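Participant: Numbering follows UniProt numbering, in which position 102 of the sequence shown is assigned residue number 102; successive positions increment by one, without gaps.
Even glycine gets a Cβ: it sits at the ideal position worked out from N, Cα and C.
Quick caveat: nothing in here was measured; it's all calculated off a predicted structure.
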Amino acid sequence: MTYLLDTNVVSELRRPRPDQRVLRWWSDVPAGRLYLSCLTVGELGRGVGRLRERGDHAQAESLSGWLDGLARQFADRILPIDAEVTELWGRLPQRRPVPVVDGLIAATALRHGLTVVTRNVRDFSATGVGVLDPFAG
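Okay, here's the thing in C-alpha coordinates:
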(Lines of atoms letter the chains of each structure in order from A and count residues from 1; the text may use other names and numbers.)
(Lines give C-alpha, C1' and ligand atoms only; values in the text may rest on other atoms or scores of the structure.)
Protein backbone atom coordinates (compact mmCIF):
# COMPACT_ATOMS: atom_id res chain seq x y z
CA MET A 1 0.00 0.00 0.00
CA THR A 2 1.16 3.54 -0.75
CA TYR A 3 0.19 6.64 1.18
CA LEU A 4 -0.38 10.38 0.81
CA LEU A 5 0.47 12.17 4.06
CA ASP A 6 -1.82 14.92 5.28
CA THR A 7 -0.27 17.98 6.90
CA ASN A 8 -1.39 17.02 10.41
CA VAL A 9 0.59 13.77 10.25
CA VAL A 10 3.73 15.42 8.88
CA SER A 11 3.47 18.16 11.51
CA GLU A 12 3.11 15.59 14.28
CA LEU A 13 6.54 14.18 13.43
CA ARG A 14 8.12 17.55 14.20
CA ARG A 15 6.57 17.94 17.64
CA PRO A 16 8.91 17.72 20.66
CA ARG A 17 6.96 14.66 21.86
CA PRO A 18 5.18 13.14 18.85
CA ASP A 19 2.41 10.62 19.34
CA GLN A 20 4.03 7.21 19.73
CA ARG A 21 1.42 5.53 17.53
CA VAL A 22 2.29 7.87 14.67
CA LEU A 23 6.02 7.25 15.17
CA ARG A 24 5.45 3.49 15.18
CA TRP A 25 3.40 3.65 11.98
CA TRP A 26 5.99 5.95 10.34
CA SER A 27 8.87 3.61 11.18
CA ASP A 28 6.99 0.56 9.84
CA VAL A 29 6.35 2.00 6.35
CA PRO A 30 9.15 2.07 3.75
CA ALA A 31 9.95 5.66 2.74
CA GLY A 32 9.31 4.89 -0.93
CA ARG A 33 5.63 4.27 -0.15
CA LEU A 34 5.09 7.74 1.32
CA TYR A 35 4.08 10.77 -0.77
CA LEU A 36 3.30 14.42 -0.11
CA SER A 37 0.94 16.77 -1.88
CA CYS A 38 2.38 20.07 -3.02
CA LEU A 39 -0.45 21.52 -0.91
CA THR A 40 1.04 20.03 2.26
CA VAL A 41 4.36 21.65 1.41
CA GLY A 42 2.47 24.90 0.84
CA GLU A 43 0.59 24.67 4.15
CA LEU A 44 3.86 24.12 6.00
CA GLY A 45 5.39 27.07 4.14
CA ARG A 46 2.45 29.23 5.26
CA GLY A 47 3.30 28.23 8.81
CA VAL A 48 6.81 29.61 8.28
CA GLY A 49 5.32 32.85 6.96
CA ARG A 50 2.96 33.20 9.93
CA LEU A 51 5.87 32.74 12.34
CA ARG A 52 7.84 35.46 10.56
CA GLU A 53 4.85 37.82 10.62
CA ARG A 54 4.55 37.28 14.38
CA GLY A 55 8.23 38.13 14.75
CA ASP A 56 9.24 34.62 15.81
CA HIS A 57 12.21 34.50 13.46
CA ALA A 58 14.11 31.76 15.31
CA GLN A 59 11.15 29.39 15.13
CA ALA A 60 10.52 30.40 11.50
CA GLU A 61 14.10 29.57 10.57
CA SER A 62 13.90 26.25 12.40
CA LEU A 63 10.68 25.29 10.62
CA SER A 64 12.03 26.54 7.30
CA GLY A 65 15.15 24.38 7.64
CA TRP A 66 13.05 21.37 8.57
CA LEU A 67 10.76 22.01 5.59
CA ASP A 68 13.77 22.23 3.25
CA GLY A 69 14.96 18.86 4.54
CA LEU A 70 11.49 17.38 4.11
CA ALA A 71 11.34 18.66 0.52
CA ARG A 72 14.72 17.04 -0.19
CA GLN A 73 13.64 13.78 1.45
CA PHE A 74 10.47 13.67 -0.67
CA ALA A 75 11.96 15.33 -3.78
CA ASP A 76 10.60 12.78 -6.25
CA ARG A 77 7.48 12.04 -4.18
CA ILE A 78 5.79 15.45 -4.01
CA LEU A 79 2.67 15.26 -6.14
CA PRO A 80 1.31 18.26 -8.07
CA ILE A 81 -2.22 19.47 -8.58
CA ASP A 82 -2.79 18.88 -12.29
CA ALA A 83 -5.80 18.96 -14.60
CA GLU A 84 -6.79 15.37 -13.81
CA VAL A 85 -6.68 16.07 -10.07
CA THR A 86 -8.90 19.13 -10.47
CA GLU A 87 -11.37 17.15 -12.58
CA LEU A 88 -11.53 14.43 -9.91
CA TRP A 89 -11.94 17.11 -7.24
CA GLY A 90 -14.90 18.53 -9.13
CA ARG A 91 -16.56 15.10 -9.16
CA LEU A 92 -16.07 14.29 -5.46
CA PRO A 93 -19.27 13.43 -3.56
CA GLN A 94 -21.03 16.57 -2.32
CA ARG A 95 -22.89 14.97 0.61
CA ARG A 96 -21.02 17.14 3.08
CA PRO A 97 -18.84 20.19 2.42
CA VAL A 98 -15.11 19.42 2.55
CA PRO A 99 -12.45 22.16 2.76
CA VAL A 100 -10.92 22.84 -0.66
CA VAL A 101 -7.39 21.79 0.32
CA ASP A 102 -8.64 18.51 1.81
CA GLY A 103 -10.71 17.86 -1.30
CA LEU A 104 -7.72 18.45 -3.57
CA ILE A 105 -5.54 16.18 -1.41
CA ALA A 106 -8.25 13.50 -1.62
CA ALA A 107 -8.45 13.90 -5.40
CA THR A 108 -4.65 13.62 -5.62
CA ALA A 109 -4.80 10.37 -3.66
CA LEU A 110 -7.56 9.03 -5.91
CA ARG A 111 -5.62 9.95 -9.06
CA HIS A 112 -2.51 8.12 -7.87
CA GLY A 113 -4.19 5.21 -6.08
CA LEU A 114 -2.99 6.30 -2.63
CA THR A 115 -4.49 6.10 0.84
CA VAL A 116 -4.65 9.40 2.74
CA VAL A 117 -2.93 9.25 6.13
CA THR A 118 -4.60 11.78 8.41
CA ARG A 119 -6.11 12.48 11.78
CA ASN A 120 -8.96 14.22 9.94
CA VAL A 121 -10.86 11.05 9.05
CA ARG A 122 -14.27 12.75 8.95
CA ASP A 123 -13.55 15.13 6.07
CA PHE A 124 -11.57 12.68 3.99
CA SER A 125 -14.05 9.80 4.45
CA ALA A 126 -16.72 12.00 2.89
CA THR A 127 -14.72 12.04 -0.37
CA GLY A 128 -14.65 8.28 -0.91
CA VAL A 129 -10.85 8.05 -0.71
CA GLY A 130 -9.15 5.39 1.43
CA VAL A 131 -8.15 6.80 4.82
CA LEU A 132 -5.78 5.62 7.54
CA ASP A 133 -5.55 7.30 10.96
CA PRO A 134 -2.14 6.53 12.53
CA PHE A 135 -3.26 8.31 15.72
CA ALA A 136 -5.81 5.53 16.24
CA GLY A 137 -3.03 2.96 16.57
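(1) Out of 122, 116, 74 and 115, which one is the CA nearest neighbour of residue 97?
(2) Mapping the DSSP letters down to three states, classify residue 2 as helix, strand or coil.
(3) Which residues in the same chain as residue 34 place their Cβ atom closer than 7 Å to its Cβ, once the five residues preceding and following it in sequence are excluded?
(4) Could you check what DSSP says for residue 129 in three-state terms: helix, strand or coil?
(5) Please report the residue range of the beta strand (DSSP E) in which residue 67 lies.
(6) Inspect the beta-carbon positions of residue 89 and residue 69 and report whether they are closer than 7 Å.
(7) When you compare only the Cα positions, how much space is there between residue 114 and residue 67?
Facilitator: According to the structure shown:
(1) Position 97 of the sequence shown holds residue 97. The shortest Cα separation from residue 97 among 122, 116, 74 and 115 belongs to 122.
(2) On the sequence shown, residue 2 is found 2 positions in, with the first residue counted as 1. In the three-state reduction of the DSSP assignment, residue 2 falls in the coil class.
(3) Taking the first residue of the sequence shown as 1, we reach residue 34 at position 34. Here the set comprises 3, 5 and 77.
(4) Start at 1 with the first residue of the sequence shown, and residue 129 comes out as number 129. The answer is coil: DSSP assigns residue 129 none of H, G, I, E or B.
(5) For the purposes of this step, residue 67 is taken as residue 67 along the sequence shown, with counting starting at 1. Premise fails: residue 67 lies in the alpha helix (DSSP H), 57-73, not in any beta strand (DSSP E).
(6) The residue you call residue 89 lines up with position 89 of the sequence shown. The residue you call residue 69 lines up with position 69 of the sequence shown. No, these two residues do not count as a Cβ contact at 7 Å.
(7) For the purposes of this step, residue 114 is taken as the residue at position 114 of the sequence shown. For the purposes of this step, residue 67 is taken as the residue at position 67 of the sequence shown. If I take the Cα positions, the gap works out to 22 Å.
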